[in-house]
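Heads up: the sequence shown begins at 1 in the UniProt record's numbering, then just goes up one per residue. Ideal placement from N, C-alpha and C gives every residue a C-beta, glycine not left out. The next block holds one structure in the form of structure tokens; read it before the comments.
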Amino acid sequence: MAGHSKWANIQHKKARVDAQRGKIFTKLIKEITVAAKQGGGDPAANPRLRLAMDKAWDANMPKDNVQRAIDKGTGNLEGVDYIELRYEGYGIGGAALMVDCMTDNKTRTVADVRHAFTKHGGNLGTDGCVAFNFVHQGYLVFTDADEDALMEAALEAGAEDVIVDDEGVIEVITAPNDWAGIKAALEQAGFTSVDGDVTMRAQNETVLTGDDAAKMQKLLDALESLDDVQNVYTSAVLHFDE
1 MAGHSKWANI QHKKARVDAQ RGKIFTKLIK EITVAAKQGG GDPAANPRLR
51 LAMDKAWDAN MPKDNVQRAI DKGTGNLEGV DYIELRYEGY GIGGAALMVD
101 CMTDNKTRTV ADVRHAFTKH GGNLGTDGCV AFNFVHQGYL VFTDADEDAL
151 MEAALEAGAE DVIVDDEGVI EVITAPNDWA GIKAALEQAG FTSVDGDVTM
201 RAQNETVLTG DDAAKMQKLL DALESLDDVQ NVYTSAVLHF DE
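Quick look at the structure:
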């Protein structure tokens, strides 16, 4: 179960973009609202809502904001009716891209997404053109942990895999709906993750260097800066030092 970790490249970039934009609360409120609308307002019975609430706590969102978002989703408060959209396409060097959106105006969203692709050297594709290359899974990242002990605890908690990279970073892979439970079980066992999420992970990577990496970064930033975009997933692995 050895290998290399795929999380750092995209996650660090995404955190940087969100911090610059200062819109993470808006994204989280949308996600909580839609999760509550689809699966109900009880996080114990709604893994998607539980994950969204965990992210909200990590971002220090006030509890009142979280509860209002849940109430809007369940219909206890009036709110915007968001729809979920997914766009697929290609970036620099043919790198695969999936763009998840939440919007109250589909026409605006598709125009904005298409413009970002076109302006920065990408191509918006058809439904399913790159989805086959991605798998829906959760991950938890640990550093400075006892590899054997963590592996045993993770597999006992129901993890699908444990990956250790060359620098000793340990990544626990989970089924999407098991992520929150496994995270809690590992915390109970004394292991605290430094990062984690439920994501769409590319099975085949596209390594980009130099100018191509810089161009791809601009495309990713342009997509993530759009108000209706929740998440951007890509097969691209960017190296700027080559």
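### Segment limits, alpha helix (DSSP H) that includes H120
That residue, H120, is in no alpha helix (DSSP H); it is neither H nor E in DSSP.
### Query
If you draw a straight line from the alpha carbon of T107 to that of A157, how long is it in whole angstroms?
44 Å
### Task
Alpha carbon to alpha carbon, how far is L226 from R21? Give it in angstroms, no decimals.
Below a pLDDT of 50, predicted positions are generally treated as unreliable, and R21, at 46, falls in that range; the measurement from the model is reported next regardless. Cα to Cα, R21 sits roughly 10 Å from L226.
### Task
Mind the definition here: the segment 152 to 169 touches the segment 198 to 206 only if three or more C-beta pairs lie below 8 Å; say whether that holds.
no
### Same chain only: Cβ atoms within 7 Å of M216, ignoring 5 sequence neighbours per side
G91, I92, A95, L208, A236, L238
### Task
Under 7 Å Cβ to Cβ from L124, same chain only, skipping five residues before and after it: list those, please.
Y87, G89, V113, R114, F117
### Task
Report the three-state DSSP secondary structure of M151 (helix, strand or coil).
helix
### Query
How long is the line joining the alpha carbons of R48 and R68, rounded to whole angstroms?
17 Å
### Task
State the start and end residues of the unbroken alpha helix (DSSP H) segment that holds residue 247.
In the structure as shown, the chain begins at 1 and stops at 242. Residue 247 is therefore absent and cannot be evaluated.
### 8 Å Cβ shell around A214 - same chain, five flanking residues per side excluded
F240
### Query
Does any CB atom of chain C fall closer than 9 Å to the CB of G91?
The structure shown contains no chain C, having only a single protein chain.
#### Entry: Chain-order list of residues whose beta-carbon lies under 6 Å from that of A222 (same chain, five-residue window excluded)
A116, H120
### Message
Taking the straight line between their C-alpha atoms, what separation do you get for K63 and A153?
### Response
31 Å
### Message
The beta strand (DSSP E) that contains G89, what's its start and end?
### Response
83 to 90
### Message
Going by the DSSP bridge assignment, what does C129 pair with across the sheet?
### Response
Note: C129 sits in no beta bridge, so no partner.
### Task
Quick one: residues in its chain with C-beta nearer than 7 Å to the C-beta of V229, no 5 flanking neighbours on either side, listed in chain order?
V99, C101, L223
### Message
Counting C-beta neighbours from all protein chains within 10 Å, is the total for I29 16 or more, i.e. buried, or is it exposed?
### Response
buried
### Message
Threshold first: 4 residues or longer. Then list the alpha helix (DSSP H) segments lying entirely within the segment 171 to 199, N to C.
### Response
179 to 188
### Query
How would you write the range of the alpha helix (DSSP H) that V34 sits in, first residue to last?
24 to 39
### Task
Identify whether D100 lies in helix, strand or coil by the three-state DSSP scheme.
strand
#### Entry: Spatial distance of T143 from K218 (CA atoms)
30 Å
### Residues near P176 by beta carbon distance below 6 Å, same chain, minus five either side
H136, G138, V198
### Message
On the DSSP bridge list, what partners appear for R201?
### Response
V135
### Query
According to the neighbour-count rule (16 or more other Cβ atoms, all chains shown, within 10 Å of its Cβ), is D127 buried or exposed?
exposed
### Task
Please report how far the alpha carbon of I24 lies from the alpha carbon of A59, in whole angstroms.
8 Å
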